[in-house]
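In my numbering, the protein residues as written are 27 to 220.
From the three backbone atoms N, C-alpha and C, an ideal C-beta is built for every residue, glycine too.
Only a predicted model underlies this, so the values are computations on that prediction, with no experimental measurement involved.
Since the structure comes first, as structure tokens, the remarks are kept for the end.
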């Protein structure tokens, strides 16, 4: 099921998205904070997509932007030229999903950084997720201690810092410290009342 916000659409991830996803994940700015790093082959991308789509409660989406949307028209043409295009002509501006049990993860293309895409997409996805999975009482977001942009996004949405999980490693940045934020069901349900 697609999720439509006021500015873009979250489409369920399929293999039809793999070429645009591969291009998206080839940009160091998008994979910088990920544990899997840069994808070096289409096979690696396809394997990742198949694994995500097979997981229960994974609910993985691509964030799609119509070229006719006000947001697309407001973007710098040179920045927009770097954004992968999907087979239907829409721009692939990010991905979002639940990679592990009740944990949300997201990546947004640098062309739309600072445009409110991440919080809008997270709100939409979490609202649907909590509506779909009535047994879920909270969701988490894991990020790097030094990823200030991501930390600000989840803090603005009402996530609370709950844990410093210690070290993990990325191919791009080496040893890192992971922080965990949690948001309660009641906070997400309150968004629809505002």
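Open item on the list: Less than 7 Å between the C-beta atoms of residue 146 and residue 31, yes or no?
Closed with: Their beta carbons are under 7 Å apart, which means residue 146 touches residue 31 by this criterion.
Open item on the list: Measuring CB atoms only, is the segment 187-202 touching the segment 133-149, in the sense that at least three cross pairs come out at less than 8 Å?
Closed with: Touching, no, given that fewer than three Cβ pairs across the two stretches are closer than 8 Å.
Task: 7 Å Cβ cutoff met for residue 115 and residue 87 - done: In this structure, residue 115 sits away from residue 87, with a CB-CB distance that is not shorter than 7 Å.
Open item on the list: Which same chain residues end up closer than 6 Å to residue 225 when comparing Cβ atoms and leaving out the 5 residues on each side of it in sequence?
Closed with: Shown here, the chain extends from 27 to 220; a query on residue 225 therefore has no answer.
Task: Own chain partners of residue 35 with C-beta closer than 6 Å, once the 5 adjacent residues on each side are dropped - done: Here the set comprises 28, 90.
- [ ] Could you tell me which residues DSSP puts in a beta bridge with residue 170?
- [x] According to DSSP, residue 170 bridges with 204.
TODO: Keeping to the same chain, check which residues put their C-beta closer than 8 Å to that of residue 156; ignore five residues upstream and five downstream.
DONE: Excluding the 5 residues flanking it on each side, residue 156 has same chain C-beta neighbours closer than 8 Å at 162, 165, 211, 214, 215, in chain order.
Open item on the list: Within the continuous beta strand (DSSP E) that includes residue 195, where are the two ends?
Closed with: It spans 186-196 - the beta strand (DSSP E) in which residue 195 sits, taken as one unbroken run.
Task: Inter-residue Cα distance where the pair is residue 127 and residue 206 - done: Distance between the alpha carbons of residue 127 and residue 206: 14 Å.
Task: residue 82 in three-state terms, based on DSSP - done: In this structure, residue 82 counts as coil in the three-state DSSP scheme.
Task: C-beta atoms of residue 154 and residue 167 nearer than 7 Å - done: Between residue 154 and residue 167, the CB-CB gap reaches or exceeds 7 Å.
TODO: From the DSSP output, read off the bridge partner residues of residue 148.
DONE: According to DSSP, which records beta bridges pairwise, residue 148 is partnered with nothing at all.
Open item on the list: Give me, in chain order, the residues of the same chain whose beta-carbon lies closer than 6 Å to that of residue 78; leave out the 5 immediate sequence neighbours on both sides.
Closed with: Counting only Cβ-Cβ distances below 6 Å, and skipping sequence neighbours, we find 84, 86.
TODO: Report the rounded CA-to-CA distance for residue 42 versus residue 201, giving the unit in angstroms.
DONE: Roughly 34 Å between the two C-alpha positions.
Task: Simplified DSSP assignment, three categories, for residue 129 - done: In this structure, DSSP gives residue 129 an extended state, which the three-state scheme calls strand.
Task: One or two residues paired with residue 73 in a DSSP bridge - done: Partner(s): none; residue 73 has no beta bridge.
TODO: Taking only the alpha-carbon atoms, compute the straight-line gap between residue 158 and residue 40 and give it to the nearest angstrom.
DONE: So the two alpha carbons sit approximately 20 Å from each other.
- [ ] Indicate whether residue 61 and residue 196 have their beta-carbon atoms separated by less than 7 Å.
- [x] It is a contact, given that the beta carbons lie within the stated cut-off.
TODO: Please determine, among 204, 75, 138, the residue with the shortest C-alpha to C-alpha distance to residue 105.
DONE: Its Cα nearest to that of residue 105, the residue 138 stands out among 204, 75, 138.
Open item on the list: Could you compute how far the alpha carbon of residue 97 sits from the alpha carbon of residue 55?
Closed with: Between residue 97 and residue 55, the C-alpha separation is close to 21 Å.
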